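Presented below is the structure to which this report refers.
In our numbering, the protein residues as written are 12 to 179.
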């Protein structure tokens, strides 16, 4: 039974490595749902560690309050103070990481909503004309393919008679 607890703790301590690996390749991931799950995992993991360090801080502070003030136990009190200080700063660090992950999650959601709105095409209106429709057939710069020949085209007459040199 002892091995099971050690395996769980080892797996729990390996999770930061997994989070760091996923965040290092975060920009290369194109699927927004996968990005959302990575950021949610980071948020949950950071918040959990913040909570656990806070519990440890409260427990150590309570043990320090109950400790004897015997001058012979100063080294034990100093060790307890060092552990309390470390856990206090760990709470602040993990809370900062949780806030950062939450901001990244909010930013990811707004980017996803923005791209989804623009992809639908309903809410986006362009200031430029779209592709020509049946109404827009009068473009003066485009020759119509397979249309009637112009009135001054070659009708069997000599092409040299129709040529006029450009005026200079």
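Quick reminder that beta carbons are idealized off the backbone N, C-alpha and C, glycines included. Small disclaimer: the values here were computed from a predicted structure and weren't measured.
Asked	Found
What span of residues does the alpha helix (DSSP H) with residue 39 cover, start to end?	First-last for residue 39: undefined, no H or E at that position.
Considering only C-alpha positions, which residue in the set 114, 32 and 108 is nearest to residue 60?	108
For residue 174, which of helix, strand or coil comes out of DSSP?	coil
Just confirm the distance between the C-beta atoms of residue 91 and residue 75, as a whole number of angstroms; I'd bet it's less than 8 Å.	5 Å
Relative to the C-alpha of residue 9, which candidate in 19, 24, 44 and 50 has its C-alpha closest?	Shown here, the chain extends from 12 to 179; a query on residue 9 therefore has no answer.
Determine contact between the stretch 110-121 and the stretch 48-60, defined as no fewer than three beta-carbon pairs at a distance below 8 Å.	yes
Please check the pair residue 7 and residue 98, which I expect to be a contact at CB under 8 Å, by giving their CB distance rounded to whole angstroms.	Past the edges of the chain, shown from 12 to 179, lies residue 7, and the structure says nothing about it.
Using a Cβ-Cβ cutoff of less than 6 Å, which residues in the same chain neighbour residue 66 once the five nearest sequence positions on both sides are dropped?	none
Would you decide whether residue 100 is buried or exposed? Buried here means 16 or more other CB atoms lie within 10 Å of its CB.	exposed
Can you tell me whether residue 78 is helix, strand or coil according to DSSP?	coil
Alpha carbon to alpha carbon, how far is residue 41 from residue 80? Give it in angstroms, no decimals.	59 Å
Could you tell me how far apart the beta carbons of residue 25 and residue 119 are, in whole angstroms, since I believe they sit closer than 8 Å?	Contact flag wrong, Cβ pair sits at about 25 Å.
Tell me, to the nearest whole angstrom, how far the beta carbon of residue 72 is from that of residue 95; I am working on the premise that it is less than 8 Å.	6 Å
Shortest alpha-carbon distance to residue 62 belongs to which of 18, 102, 179 and 173?	102
If you count every other CB in all the chains shown that lies within 10 Å of the CB of residue 68, and 16 or more means buried, which is it?	buried
Residue 38: which of 49, 28 and 86 sits nearest, CA to CA?	49
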